[in-house]
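Written below as structure tokens is the structure these notes are about.
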Amino acid sequence: MSDFRQQALDYHEFPKPGKIGIALTTEAATVNDLALAYSPGVAEPVREIAADPNLAYRYTAKGNMVAVISNGTAILGLGNLGPLASKPVMEGKALLFKRFAGLDSIDIEVKHRTTEEFINTVANIADTFGGINLEDIKAPECFEIERELIKRCKIPVFHDDQHGTAIVTAAGMLNALEIQGKDISKARFVCMGAGAAAIACMELLIKCGAQRERIYMIDRQGVIHTRREELTEHKALFANNTDKRTLEDVLDGADAFLGLSGPDVLPPEALKLMADNPVVFACSNPDPEIKPELAHEVRKDLIMATGRSDYPNQVNNVLCFPFIFRGALDVRASEINDEMKVAAVEALRSVSKEEVPEEVLIASQSSSLSFGKDYIIPKPMDPRLCKRIATAVANAAITSGVAKLDSLPEDYLNDF
1460 MSDFRQQALD
1470 YHEFPKPGKI
1480 GIALTTEAAT
1490 VNDLALAYSP
1500 GVAEPVREIA
1510 ADPNLAYRYT
1520 AKGNMVAVIS
1530 NGTAILGLGN
1540 LGPLASKPVM
1550 EGKALLFKRF
1560 AGLDSIDIEV
1570 KHRTTEEFIN
1580 TVANIADTFG
1590 GINLEDIKAP
1600 ECFEIERELI
1610 KRCKIPVFHD
1620 DQHGTAIVTA
1630 AGMLNALEIQ
1640 GKDISKARFV
1650 CMGAGAAAIA
1660 CMELLIKCGA
1670 QRERIYMIDR
1680 QGVIHTRREE
1690 LTEHKALFAN
1700 NTDKRTLEDV
1710 LDGADAFLGL
1720 SGPDVLPPEA
1730 LKLMADNPVV
1740 FACSNPDPEI
1750 KPELAHEVRK
1760 DLIMATGRSD
1770 YPNQVNNVLC
1780 FPFIFRGALD
1790 VRASEINDEM
1800 KVAAVEALRS
1810 VSKEEVPEEV
1820 LIASQSSSLS
1830 FGKDYIIPKP
1840 MDPRLCKRIA
1850 TAVANAAITS
1860 GVAKLDSLPE
1870 DYLNDF
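Quick note on our numbering: the sequence shown kicks off at 1460 and runs consecutively.
Okay, here's the thing in structure tokens:
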């Protein structure tokens, strides 16, 4: 057994099994405390909430609670291993919510026979929480699940594998294109992979200025084009009217490559075909579509990002999802809409352009960091992210009309 594997297993087993627990937030030391906490005192907030359900935000933990929910059908890069096997990942997401945004979170793993059954289960428990983070659910079912839950729930429902990935990718991509002197509206994109994350990434890039007709998406059958039959509704949105059929065809002269597919599928010879000053996001984990050392060897002029922490420019969902929920819950948003996602993109990319605090350099074990080819997105330990992104998301929710509160306090998130 490798040292790292044993470290990972020990981390999850000791000092207590798992990564999360429940802590009391109020006094429970005396008989009077217990009388207030439970019977008879608890009857008072019960009556208040029965009369006005919005008071659940005042008298319970609902407004600071996120459910992380999965059916285990697409766990990391491991595939469909079932609900229970997904529990360590869901506990990990709960840990990240608490660590980075102060949000309480509980993981829920759902066993079901049909998609409708999963949807019904989640919808029926949704009012317990302030928001729902869907995780590790395979495509195309994840599209229907999220769509139907957004319709049926009065709280934000967010499939992080889609939208968290898309927000961080868009922020990094916009900054990389800017550094390379490229206009997103004129750039030509190649997206290798056509799953939930890939489709969400390209849709958000379109909202940020990319042109749909200048995007070429590739799945296991090759280039997705208008003469292909039996395309899913989501793949059909990226069916390009083209005679190009291979990766090499579409990479010739392309400005940007986004990989959300598998390891070592971008040959060095194909990378050589890209336009001057290309951008390559090879985000397959743990092994990227092309190894950074190899990519830099054949293209000295490129900007490279991966999903790994041991290379510069890590595309990591933790850069956004805790803070998006923080902002959404703090104004009691009913959903996380496109305006909120774009606001998160702009907030995230703006932090990259500012001077990096000393504490971030220490945490990231870096001697220096400044906006440029090796620093297009912030480091996960950057303390500025919570306040900056949460505030942008909250204000976008207010402006777009999906928030129940109409303002944030002046000292909002001063502790972050």
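Just so you know, even glycine gets a beta-carbon here, dropped at the ideal spot from N, CA and C.
query: Val1801 and Arg1847: beta carbons closer than 8 Å?
result: No.
task: Could you spell out where the beta strand (DSSP E) holding Ala1715 opens and where it closes?
output: Element bounds for Ala1715: 1715–1718.
query: If you draw a straight line from the C-alpha of Arg1611 to the C-alpha of His1684, how long is it?
result: Roughly 34 Å separates the two Cα atoms.
query: For Ala1773, which residues does DSSP report across the bridge?
result: Looking at the sequence provided, one finds Gln at residue 1773 rather than Ala. Gln1773 is bridged to Thr1765.
query: For Leu1732, which of helix, strand or coil comes out of DSSP?
result: Leu1732 falls in the coil class under three-state DSSP.
Alpha-carbon to alpha-carbon, Ala1856 and Gly1589: Taking the straight line from one Cα to the other gives about 15 Å.
- request: Taking Ala1715 and Val1682 to be in contact with their CB atoms under 8 Å, please state how far apart those CB atoms are, rounded to whole angstroms.
  value: Actually they do not touch by this definition, with Cβ atoms about 16 Å apart.
task: Can you check the segment 1590–1648 for any beta strand (DSSP E) of at least 3 residues that lies completely inside it and give the ranges in chain order?
output: Restricting attention to beta strand (DSSP E) runs no shorter than 3 residues, the segment 1590–1648 encloses them at 1590–1593, 1616–1618, ordered along the chain.
- request: Report the residue from Val1649, Ala1656, Thr1850, Asp1678 whose alpha carbon sits nearest the alpha carbon of Arg1671.
  value: Ranking Val1649, Ala1656, Thr1850, Asp1678 by Cα distance to Arg1671 puts Val1649 first.
message: If you measure between the beta carbons of Pro1751 and Gly1718, is that distance less than 8 Å?
response: Taking a C-beta distance under 8 Å as the contact criterion, Pro1751 and Gly1718 do not qualify as a contact pair.
- request: Report yes if the C-beta distance between Ala1526 and Ile1481 is below 8 Å; otherwise report no.
  value: Between Ala1526 and Ile1481, the gap from beta carbon to beta carbon reaches 8 Å or more.
- prompt: Just reading off the alpha helix (DSSP H) that Met1661 is part of, what are its end residues?
  reply: Met1661: member of the alpha helix (DSSP H) spanning 1655–1666, first to last residue.
Same chain, Cβ closer than 8 Å to Asn1523, five either side skipped, listed in chain order: Closer than 8 Å at the Cβ level, and outside the excluded window around Asn1523, lie Gly1561, Leu1562, Asp1563, Gly1589, Leu1788.
task: Report buried or exposed for Asp1511, applying the criterion of at least 16 other Cβ atoms within 10 angstroms of its Cβ.
output: It counts as exposed.
message: Do Ala1849 and Ile1626 have their beta-carbon atoms positioned less than 8 Å apart in this structure?
response: No. Outside cutoff.
- request: Decide yes or no for the touch test of the segment 1580–1598 against the segment 1698–1708: beta carbon pairs closer than 8 Å, at least 3 of them.
  value: A contact is defined here as three or more CB-CB pairs under 8 Å, and the segment 1580–1598 fails this definition with respect to the segment 1698–1708.
query: For the putative contact between Val1548 and Glu1594, defined by C-beta atoms under 8 Å, what is the C-beta separation to the nearest angstrom?
result: Their Cβ separation, rounded to whole angstroms, is 7 Å, which keeps Val1548 and Glu1594 in contact under 8 Å.
Alpha carbon of Phe1559 to alpha carbon of Tyr1871, nearest angstrom: If you draw a straight line from the Cα of Phe1559 to the Cα of Tyr1871, it is about 16 Å long.
field: Where Gly1541 falls: helix, strand or coil (DSSP)
entry: Coil, per DSSP.
- request: Give the DSSP-derived three-state secondary structure of Tyr1497 in the structure shown.
  value: Coil, per DSSP.
Minimum C-alpha distance to Pro1476 - residue among Asp1586, Glu1503, Glu1550: Of the candidates Asp1586, Glu1503, Glu1550, the residue whose Cα lies closest to the Cα of Pro1476 is Glu1550.
- prompt: Leaving out five residues before and five after Ser1720 in sequence, what residues of the same chain have Cβ atoms less than 7 Å from its Cβ?
  reply: Answer for Ser1720: Met1651, Gly1652, Ser1743, Glu1748, listed in chain order.
- request: Return the residue from the list Ala1494, Ile1614, Lys1666, Gly1538 that minimises the CA-CA distance to Glu1798.
  value: It is Lys1666.
field: 6 Å Cβ shell around Arg1647 - same chain, five flanking residues per side excluded
entry: So the qualifying residues of the chain are Arg1673, Ala1713, Asp1714.
query: How many angstroms separate the CA atom of Ser1529 from the CA atom of Met1661?
result: So the alpha carbons of these two residues sit roughly 24 Å apart.
- prompt: When the Cα of Tyr1518 is compared with those of Pro1615, Thr1484, Glu1692, Ile1609, which residue comes out closest?
  reply: From the listed residues Pro1615, Thr1484, Glu1692, Ile1609, the smallest Cα separation to Tyr1518 is found for Thr1484.
message: Count Cβ pairs between the segment 1578–1585 and the segment 1772–1780 that sit closer than 8 Å; are there 3 or more?
response: Of all C-beta pairs linking the segment 1578–1585 to the segment 1772–1780, fewer than three are shorter than 8 Å, placing the two stretches out of contact.
task: Would you mind giving the Cβ-Cβ distance between Ile1534 and Leu1540, rounded to the nearest angstrom? I have them listed as a contact below 8 Å.
output: Between Leu1540 and Ile1534 the Cβ distance is about 5 Å, and since that is below 8 Å, they are a contact.
- prompt: Under the three-state reduction of DSSP, which class applies to Gly1786: helix, strand or coil?
  reply: Note: Gly1786 maps to helix in three-state DSSP.
- prompt: Opposite Phe1740 in the DSSP bridges: which residues?
  reply: In the DSSP secondary-structure assignment, Phe1740 is bridged to Leu1717, Ala1764.
- prompt: Rounded to the nearest angstrom, how far is the Cβ of Leu1706 from that of Ala1729, given a contact under 8 Å?
  reply: The pair is a contact, with the Cβ atoms about 6 Å apart (cut-off 8 Å).
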